[in-house]
Amino acid sequence: MEMGIVVGRVTATRKDDKLVGTKLLITQAIDLDGSPLNSQPIITVDTVGAGVGERVFFVKGSIASRAVSEGSPIDAAIVGIIDSLECDDLKG
Amino acid sequence: MEMGIVVGRVTATRKDDKLVGTKLLITQAIDLDGSPLNSQPIITVDTVGAGVGERVFFVKGSIASRAVSEGSPIDAAIVGIIDSLECDDLKG
Amino acid sequence: MEMGIVVGRVTATRKDDKLVGTKLLITQAIDLDGSPLNSQPIITVDTVGAGVGERVFFVKGSIASRAVSEGSPIDAAIVGIIDSLECDDLKG
Amino acid sequence: MEMGIVVGRVTATRKDDKLVGTKLLITQAIDLDGSPLNSQPIITVDTVGAGVGERVFFVKGSIASRAVSEGSPIDAAIVGIIDSLECDDLKG
Amino acid sequence: MEMGIVVGRVTATRKDDKLVGTKLLITQAIDLDGSPLNSQPIITVDTVGAGVGERVFFVKGSIASRAVSEGSPIDAAIVGIIDSLECDDLKG
Chain W
601 MEMGIVVGRV TATRKDDKLV GTKLLITQAI DLDGSPLNSQ PIITVDTVGA GVGERVFFVK
661 GSIASRAVSE GSPIDAAIVG IIDSLECDDL KG
Chain Y
601 MEMGIVVGRV TATRKDDKLV GTKLLITQAI DLDGSPLNSQ PIITVDTVGA GVGERVFFVK
661 GSIASRAVSE GSPIDAAIVG IIDSLECDDL KG
Chain L
601 MEMGIVVGRV TATRKDDKLV GTKLLITQAI DLDGSPLNSQ PIITVDTVGA GVGERVFFVK
661 GSIASRAVSE GSPIDAAIVG IIDSLECDDL KG
Chain S
601 MEMGIVVGRV TATRKDDKLV GTKLLITQAI DLDGSPLNSQ PIITVDTVGA GVGERVFFVK
661 GSIASRAVSE GSPIDAAIVG IIDSLECDDL KG
Chain D
601 MEMGIVVGRV TATRKDDKLV GTKLLITQAI DLDGSPLNSQ PIITVDTVGA GVGERVFFVK
661 GSIASRAVSE GSPIDAAIVG IIDSLECDDL KG
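So the sequence lines, in the order shown, correspond to chains W, Y, L, S and D. My numbering numbers the first residue of the first sequence as 601 and each following residue consecutively. My numbering numbers the first residue of the second sequence as 601 and each following residue consecutively. My numbering numbers the first residue of the third sequence as 601 and each following residue consecutively. My numbering numbers the first residue of the fourth sequence as 601 and each following residue consecutively. My numbering numbers the first residue of the fifth sequence as 601 and each following residue consecutively.
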């Protein structure tokens with residue numbers, strides 16, 4: 601899973617039926633210090649009640665679909681909210 | 601999911617049987633401002649009636665197949681049309 | 601899916617049983633103009649009768665297996681031959 | 601699979617139900633010499649009793665879920681602890 | 601699939617039960633000329649009796665698991681040994 605911060609929300613009226621009712625959040629990947637990486641933000645489906653500004657972790661790929669509902673066309677889902685990280689940054 | 605803009609269409613007479621009848625659109629990934637990224641456009645299958653010039657979001661990987669028909673050899677599908685984005689761009 | 605051009609063929613006597621009888625083609629990803637990208641060519645399984653020099657599109661990931669035979673260990677398959685592209689290149 | 605070193609741990613109270621009871625470790629990819637790569641550390645689920653400082657290998661993608669429990673929304677799992685590597689580094 | 605050369609072997613006593621008995625080989629991706637790419641070697645499971653120094657091709661992602669045994673937590677497997685390549689290198 602990757603660490604990220606929720607930075608926004610997407611509104612989409614026309615979408616796949618299985619996406620109706622999902623909360624589509626824009627998530628930016630972050631490093632261990634919480635700083636945004638130089639990668640592109642992605643659209644994730646929230647499954648844990650995350651809100652803008654919260655530090656989360658998300659899964660990518662077909663398994664993200666399982667966090668929402670079997671077979672829904674989703675390739676990224678927020679599956680947890682980070683309370684704290686305890687770590688050594690080896691890259692110093 | 602990634603954000604993109606539809607930039608064109610592919611015509612292919614010889615293709616996998618399960619692709620017959622699908623609409624193959626060329627989609628360029630975009631950033632939060634709608635500007636095209638420096639990545640290569642990909643071929644996506646449309647599932648929501650998207651047209652050239654529309655801002656969409658698409659799934660990648662095996663789950664894209666589920667948006668079209670189970671088992672079809674598709675690794676990218678447009679699953680929604682973006683009405684609006686509400687967000688903070690942390691990279692400033 | 602990605603666009604590519606078939607550039608060669610692989611001969612392999614010792615291979616997974618499920619690959620016996622498959623045609624293994626070397627495919628180079630190309631851009632909208634048909635120019636080869638600066639990425640590494642990959643080995644794809646042909647499912648549409650493609651030949652060297654033809655412009656094709658291919659799927660990557662586990663779904664490629666479904667284009668050939670369920671459960672075969674294949675992560676890239678050619679699923680169509682491009683007749684024509686009709687598009688705007690936003691990167692100008 | 602990729603080689604990595606465990607560098608920390610994540611605490612998350614609010615998370616997907618299927619993640620309850622899993623040990624979430626932060627893992628940094630390493631090269632053949634054990635030096636950390638210049639890639640972003642990821643969150644992996646431990647399945648072999650790994651601890652901080654240990655050299656491990658991990659799987660990525662939907663199959664990681666199978667190392668933990670079918671259908672759990674996990675895209676990276678530690679599946680082994682490296683005793684030793686015996687190899688030639690071709691890049692010299 | 602990608603082309604690679606086997607450069608070593610991993611010994612791991614503590615590992616997922618489904619990996620017991622598998623041969624874990626370190627594989628370096630190579631280009632069409634057989635030269636090692638500037639990418640990180642990965643750990644692959646051998647399914648065709650490959651040895652150090654042999655030129656092989658391997659699958660990545662969840663489908664690699666199918667080359668070994670259904671559901672085993674494996675994301676890269678060697679599925680063939682390259683006899684010969686017949687190709688044009690478009691990048692000249």
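Beta carbons: idealized from backbone N, C-alpha and C, even for Gly.
Listed by chain order, chain Y residues near residue i by CB distance under 7 Å
i	result
W/K623	None at all; the shortest Cβ gap to chain Y is about 12 Å.
L/T647	D616
Rounded distance between the beta-carbons of residue j and residue i, thought under 8 Å
i	j	result
S/D616	W/G680	7 Å
L/L637	L/A629	5 Å
L/V606	L/G653	7 Å
S/Q640	W/D631	6 Å
L/R655	L/I678	With 8 Å as the limit, L/R655 and L/I678 do not qualify as a contact, their Cβ atoms being about 11 Å apart.
S/S669	S/K618	7 Å
Residue i - partner residues in DSSP beta bridges
i	result
D/L625	D/R609 and D/T644
D/V656	D/G604 and D/I681
Y/P636	Y/I630
S/A676	S/K660
L/K615	D/G680
D/E686	L/R609
Exposure label - residue i; buried when at least 16 CB within 10 Å
i	result
L/D675	buried
W/T613	exposed
D/G604	buried
D/E686	exposed
Y/G608	buried
W/T627	buried
Y/S665	buried
D/P673	buried
Y/G692	Note that Y/G692 has pLDDT 46, beneath the 50 cutoff, so the model's placement of it is unreliable and no number is given.
Chain L residues whose Cβ lies nearer than 9 Å to that of residue i
i	result
Y/G661	K660, G661, S662 and I663
Interface partners of residue i on chain Y, CB under 9 Å
i	result
W/G700	Residue numbering for chain W in the displayed model covers 601 to 692; residue 700 of chain W lies beyond these limits and cannot be assessed.
Neighbouring residues, chain L, relative to residue i (Cβ below 7 Å)
i	result
Y/A676	M601
D/V679	K615, D616, L619 and P673
Interface residues of chain S facing residue i [CB-CB closer than 8 Å]
i	result
W/I682	V610, T611 and A612
The stretch 620-628 of chain D / the stretch 638-649 of chain D touching (three or more Cβ pairs under 8 Å): As far as the Cβ criterion goes, the stretch 620-628 of chain D touches the stretch 638-649 of chain D, which means the pair count is three or higher.
Contact between the stretch 646-666 of chain Y and the stretch 655-670 of chain L (3+ Cβ pairs under 8 Å): Contact check between the stretch 646-666 of chain Y and the stretch 655-670 of chain L: three or more CB pairs, one atom from each, fall below 8 Å, which counts as touching.
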